[in-house]
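Notes follow once the structure below has been shown.
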Amino acid sequence: MEVWVRKDLVASGEASGGTGTSSETVKLVSEQVFGSPGNGEGQFADPRGLAIDPQGNVYVADTGNKRIVVTDSEGKFLFQWGHAGNEPGAFNEPIGVAVDAQGDVYVADTWNGRVQVFGKGTNNTISPTPKATWRVQGWQPSTYDDPFIAVGANGQVFVSVPGRNQLLYTTTAGDALWRWGGKGNDFASVTLPSGVAVAPNGNVYTVDRGNSRIMSFKLPASGR
81 MEVWVRKDLV ASGEASGGTG TSSETVKLVS EQVFGSPGNG EGQFADPRGL
131 AIDPQGNVYV ADTGNKRIVV TDSEGKFLFQ WGHAGNEPGA FNEPIGVAVD
181 AQGDVYVADT WNGRVQVFGK GTNNTISPTP KATWRVQGWQ PSTYDDPFIA
231 VGANGQVFVS VPGRNQLLYT TTAGDALWRW GGKGNDFASV TLPSGVAVAP
281 NGNVYTVDRG NSRIMSFKLP ASGR
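Here the sequence shown stands for residues 81 to 304, where the numbers follow my numbering.
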């Protein structure tokens, strides 16, 4: 796979802090590519989200196959779990996935309207039976409903709810602390939020898809 990047944005593969105007491009070639279309081990169908655990393993939301696929950092298949359905451990359009510092895995099980949390299983795998599940009001089958999930170092869980133009902040047990947003384009609003991430300093970033921008904010000192 090759990625072409404008040289005024990236120079020599490193972030550029200048204001260059060159329209030259540099070619970045990926070190490895893994996976192929299908439903076998290590294959994917419309994968959407991914996350990296503390050991460097890669967790892929294999959306079309209704499962989570795990590989090592070199792309070697390790294990997978999940299938189509609405019972515990099954998925209907899994999209966002996140792994916390303890190795627990959070999955945005979108069309089932819930987050499922999975803990450690046997032989360095993940248990296919969720240790926790909570509902997310506003997740529903929709062209625009691509919710994602992120977990901060202190256990903060952030979930995007595009259908309600909101970002949801919960504990790791799913207890809602607050909802933020509302449709609009001012700095207190967000329209169709999707991707979300937490920086090491605790700042939260979200993709404000409807306004074609990225928003970031700090939590209050109280965390609420």
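Idealized CB from N, CA, C, for every residue including glycine.
Neighbourhood of N75 by C-beta distance below 6 angstroms, restricted to the same chain and skipping five residues each side: Here the chain covers residues 81 to 304 and nothing more, so residue 75 does not appear.
Can you tell me whether S102 is buried or exposed? The criterion is at least 16 other CB atoms within 10 Å of its CB, across all chains shown. In the sequence shown, residue 102 corresponds to position 22, counting from 1. Confidence in S102 is poor, its pLDDT being 49 and thus under 50, which makes the residue's placement unreliable; the coordinate value appears in the next sentence. Exposed.
Bridge partner(s) assigned by DSSP for T213: Here residue 213 corresponds to residue number 133 of the sequence shown, with the count starting at 1. Note: T213 is bridge-paired with Q196 in the DSSP secondary-structure output.
Collapsed DSSP secondary structure at P134 in the structure displayed: The sequence position of residue 134 within the sequence shown is 54, counting from 1. P134: coil per DSSP, three-state reduction.
Can you list, in chain order, the residues of its chain with a C-beta nearer than 7 angstroms to that of P127? Leave out the 5 residues immediately preceding and following it. Counting from one through the sequence shown, the residue named residue 127 turns up at place 47. Exclusion of the five residues before and after P127 leaves V140, A141, D142, T143 as the residues of its chain whose Cβ lies within less than 7 angstroms of its Cβ.
Please identify the residue among D189, V113, W161, V276 whose C-alpha is closest to the C-alpha of P208. By 1-based counting over the sequence shown, the position of residue 208 is 128. It is W161 whose Cα lies nearest to the Cα of P208.
Judging by CA-CA distance, which residue of S110, N137, N291, Y285 is the nearest neighbour of G232? The sequence position of residue 232 within the sequence shown is 152, counting from 1. For G232, the nearest C-alpha among the options comes from Y285.
Just to confirm before moving on: does the CB-CB distance between A230 and V287 stay below 9 angstroms? Numbered from 1 along the sequence shown, position 150 holds the residue referred to as residue 230. Numbered from 1 along the sequence shown, position 207 holds the residue referred to as residue 287. Cβ distance not < 9 angstroms, so A230 and V287 don't count as in contact.
Between N265 and F159, what straight-line distance do the alpha-carbon atoms span, to the nearest angstrom? Looking up residue 265 in the sequence shown gives position 185. Looking up residue 159 in the sequence shown gives position 79. Each residue's alpha carbon lies about 43 angstroms from the other.
For R293, I'd like the list of residues in its chain whose CB is within less than 7 angstroms of its CB, leaving aside the five on either flank, ordered along the chain. Position 213 of the sequence shown, counted from the start, is the residue given in the question as residue 293. Contacts found: none.
What whole-angstrom Cβ distance do F114 and T151 have, given they're in contact under 8 angstroms? For the purposes of this step, residue 114 is taken as residue 34 along the sequence shown, with counting starting at 1. For the purposes of this step, residue 151 is taken as residue 71 along the sequence shown, with counting starting at 1. Indeed they touch by this definition, with Cβ atoms about 7 angstroms apart.
I'd like the list of long-range same chain contacts for K263, defined as Cβ closer than 7 angstroms, with 5 residues on each side in sequence excluded. Start at 1 with the first residue of the sequence shown, and residue 263 comes out as number 183. If we look at K263 and ignore the five residues flanking it on each side, its Cβ neighbours are N245, S269, T271.
Please return the same chain residues whose Cβ sits closer than 7 angstroms to the Cβ of P242, not counting the five positions on each side in sequence. In the sequence shown, the residue the question calls residue 242 occupies position 162. Same-chain partners within the cutoff: Y224, D225, D226, P227, L272, P273, S274.
Please state whether the Cβ-Cβ distance between G193 and Q217 is less than 9 angstroms. What you label residue 193 is simply residue 113 of the sequence shown in a count that begins at 1. What you label residue 217 is simply residue 137 of the sequence shown in a count that begins at 1. Taking a C-beta distance under 9 angstroms as the contact criterion, G193 and Q217 qualify as a contact pair.
Can you name, in chain order, every residue of its own chain whose Cβ lies under 7 angstroms from the Cβ of K200, other than the five neighbours on each side? Within the sequence shown, residue 200 is the residue found at index 120, counting from 1. G183, I206, S207.
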